[in-house]
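Quick note: the sequence shown uses my numbering, first residue 389, plus one each step. The block underneath contains the structure these notes are about, expressed in structure tokens.
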Amino acid sequence: MTDRAGPPGDPEHGGEREQGKAYGGAGPPRPGGPGDRGARWGPRPGREGPVPRPFLRRRWVRWTAAGTAVALLGAGFGAWALYDRLQGNITRDDAVIAELERHEKERPLPSKQGALNILLVGSDTRAGQGNGQYGSTRGQRSDTVILLHLAADRRNATAMSIPRDLMVDIPSCRRADGRSAPARTAQFNYAYSYGGTACTIRTVERMTRIRVDHHMVVDFQGFKRMVDAVDGVRICLKQPMDDKDAHVRLPAGEHTLDGEQSLGYVRARKSLGDGSDTDRMERQQQFLGALVDKVQSNGVLLNPGKLYPLLDAATSSLTTDPAIASLIDLYDLVRSMRNIPTKEVRFLTVPREAYAGDPNRDQLVEPAASELFTLLREDEPVHITPRPSDSGAPSPSPSPTDTGRAAPSGPPAPTGIPEAGTTPVPDPTFSGNSAARSACE
Numbered sequence: 389m390t391d392r393a394g395p396p397g398d399p400e401h402g403g404e405r406e407q408g409k410a411y412g413g414a415g416p417p418r419p420g421g422p423g424d425r426g427a428r429w430g431p432r433p434g435r436e437g438p439v440p441r442p443f444l445r446r447r448w449v450r451w452t453a454a455g456t457a458v459a460l461l462g463a464g465f466g467a468w469a470l471y472d473r474l475q476g477n478i479t480r481d482d483a484v485i486a487e488l489e490r491h492e493k494e495r496p497l498p499s500k501q502g503a504l505n506i507l508l509v510g511s512d513t514r515a516g517q518g519n520g521q522y523g524s525t526r527g528q529r530s531d532t533v534i535l536l537h538l539a540a541d542r543r544n545a546t547a548m549s550i551p552r553d554l555m556v557d558i559p560s561c562r563r564a565d566g567r568s569a570p571a572r573t574a575q576f577n578y579a580y581s582y583g584g585t586a587c588t589i590r591t592v593e594r595m596t597r598i599r600v601d602h603h604m605v606v607d608f609q610g611f612k613r614m615v616d617a618v619d620g621v622r623i624c625l626k627q628p629m630d631d632k633d634a635h636v637r638l639p640a641g642e643h644t645l646d647g648e649q650s651l652g653y654v655r656a657r658k659s660l661g662d663g664s665d666t667d668r669m670e671r672q673q674q675f676l677g678a679l680v681d682k683v684q685s686n687g688v689l690l691n692p693g694k695l696y697p698l699l700d701a702a703t704s705s706l707t708t709d710p711a712i713a714s715l716i717d718l719y720d721l722v723r724s725m726r727n728i729p730t731k732e733v734r735f736l737t738v739p740r741e742a743y744a745g746d747p748n749r750d751q752l753v754e755p756a757a758s759e760l761f762t763l764l765r766e767d768e769p770v771h772i773t774p775r776p777s778d779s780g781a782p783s784p785s786p787s788p789t790d791t792g793r794a795a796p797s798g799p800p801a802p803t804g805i806p807e808a809g810t811t812p813v814p815d816p817t818f819s820g821n822s823a824a825r826s827a828c829e
């Protein structure tokens with residue numbers, strides 16, 4: 389019986405021999421066939437084991453795609469959960485806006501296009517988890533108030549502290565229970581006690597004629613957690629600190645303070661310096677400058693492990709107006725500030741002197757105070773010179789008058805082209821500091 393040639397590749401019917409004749413013999417190989425690959429790349433190694441089947445490859449592709457989709461979906465849900473947590477931390481202060489709208493006619497005009505004025509309030513409320521350990525004060529008062537002015541071009545920022553002992557005209561304000569507190573002349577921090585944030589904003593606007601565009605209120609716990617989130621803030625003590633009320637005991641020298649120590653440091657009054665509120669505000673400004681410098685460093689902003697705890701801390705104790713009560717709005721605000729050099733972030737205190745009716749209280753110094761308010765209102769740069777106590781020398785004894793104006797040094801700088809026969813008027817310069825200046829210099 390004659391052997392019949394089988395199909396190519398069938399060794400049982402001579403297919404292998406036929407394939408060899410066709411692709412390995414003298415005849416020309418078929419383009420693109422196995423002989424062509426063998427001729428170009430060498431003999432094809434024999435396969436071992438079963439040949440992969442097409443449906444298995446398709447199943448593997450489907451499982452890979454499904455796994456990738458699940459991973460992406462999980463990451464998306466994780467990111468959304470983090471966003472939702474941070475967003476839920478922020479408290480919207482709708483009541484303040486409603487109250488301010490009732491007094492819109494008395495409020496100053498909005499700022500120049502692009503410039504922003506944000507009132508930062510550090511509340512000394514004893515309500516809330518953990519706040520009661522700092523004493524028992526009836527109601528709440530504004531422990532720290534800073535008016536932050538952001539220039540329209542976002543090339544500089546000025547943070548002006550307002551002393552809580554400053555005697556001001558507080559307008560008639562509505563209390564939380566709906567009753568009205570009568571207008572009066574009193575200490576500035578009483579405005580927060582009488583009518584909360586809305587009354588504080590109206591008092592600031594009446595005093596400065598500067599429109600407050602936004603406001604933020606942070607309590608003790610939020611401040612502490614922000615400091616801890618950036619692994620502490622570096623300060624230098626020129627003298628030992630032992631303050632039982634502030635829960636801080638430190639020797640003189642350089643220290644990196646955690647959140648609890650930082651809160652005691654910025655709130656201490658009798659155990660550091662000359663015991664005045666002026667000295668305390670200067671420490672607060674220096675500390676905030678060091679905190680800004682730390683936050684702007686790449687170790688925080690480019691480190692998700694540190695950035696998220698910072699955002700969580702900043703939002704968890706934050707109450708703000710609805711216009712910036714979302715992460716997107718806050719992100720846009722912070723992003724607009726990210727390129728401001730630390731040397732252009734200035735801290736100063738409103739010019740003041742001892743109050744005529746009580747030397748333990750303050751009053752505005754004119755015309756210095758009005759000059760400063762006009763610069764901020766018109767979005768003009770504020771020039772500062774370092775305070776004498778910032779040089780490392782002991783703080784001078786308090787004087788009856790602390791105008792906040794720096795003594796002139798050198799010839800006055802012209803503010804423009806003066807008319808013939810006139811003397812150039814120098815720009816006013818105020819005593820202050822910048823975020824670039826270390827507290828240890």
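All C-beta atoms in this analysis are idealised placements derived from N, C-alpha and C, irrespective of residue type, glycine included.
Contact check, residue i vs residue j, beta carbons under 8 Å
i    : j    : result
A569 : G584 : no
M629 : R749 : no
A574 : S560 : no
N821 : Q673 : yes
V654 : F675 : yes
V683 : S650 : no
D553 : D667 : no
G476 : V606 : no
T762 : I478 : no
I550 : C587 : no
D709 : D541 : no
L474 : L715 : yes
D767 : A539 : yes
L764 : H537 : yes
G647 : D631 : no
Residue i, buried or exposed, once every other Cβ within 10 Å from all chains shown has been counted against 16
i    : result
L488 : buried
I805 : Caution applies to I805, whose pLDDT of 42 falls short of 50 and renders its modelled position unreliable; the value that the coordinates give is listed next. Answer is exposed; the Cβ neighbour count stays below 16.
R567 : exposed
Y580 : buried
L690 : exposed
V636 : buried
K493 : exposed
D472 : exposed
R543 : exposed
N837 : Here the chain comprises residues numbered 389 to 829, so residue 837 is not present and cannot be evaluated.
S724 : exposed
A744 : exposed
R726 : exposed
D633 : exposed
A486 : exposed
F741 : According to the sequence as given, residue 741 is Glu; it is not Phe. By the neighbour-count rule (16 or more Cβ atoms within 10 Å), E741 is buried.
W429 : In this predicted model, W429 has a pLDDT of only 46, less than 50, meaning its place in the structure is not dependable; the value taken from the coordinates is given anyway. Classification for W429: exposed.
E754 : exposed
Beta-carbon contacts of residue i that lie in its chain and below 8 Å, excluding the five residues immediately before and after
i    : result
A824 : G677, D681, P729, T730, K731, V733
T591 : V556, D557, I558, P559, F576, A579
I589 : V484, L488, L507, V600, H603
L706 : N477, I478, T479, M604, V605, V606, G610
Reference residue i; option with closest CA among the options
i    : options                : result
K500 : H491, Y578, D601, E593 : D601
D619 : G641, L698, D541       : L698
A701 : T588, F611, G693       : F611
D565 : T546, A483, E648, M669 : A483
L507 : P498, H491, H603       : H603
R562 : F608, A545, T546, H491 : H491
L679 : R613, M595, D767       : R613
G502 : L470, A545, E754, Q609 : A545
S685 : V621, D531, E741       : V621
F608 : P692, A742, D531, E754 : D531
L645 : E670, M669, A617       : A617
S758 : G693, I623, M595       : M595
Beta-carbon proximity list for residue i, same chain, < 7 Å, skipping 5 on both sides
i    : result
P496 : E593, R597, I598, R599
L625 : L638, A640, G641, H643
L721 : I712
M669 : S549, P551, T737
Beta-carbon contacts of residue i that lie in its chain and below 6 Å, excluding the five residues immediately before and after
i    : result
L718 : I712
Q627 : A640
V533 : V509, I550
L470 : none
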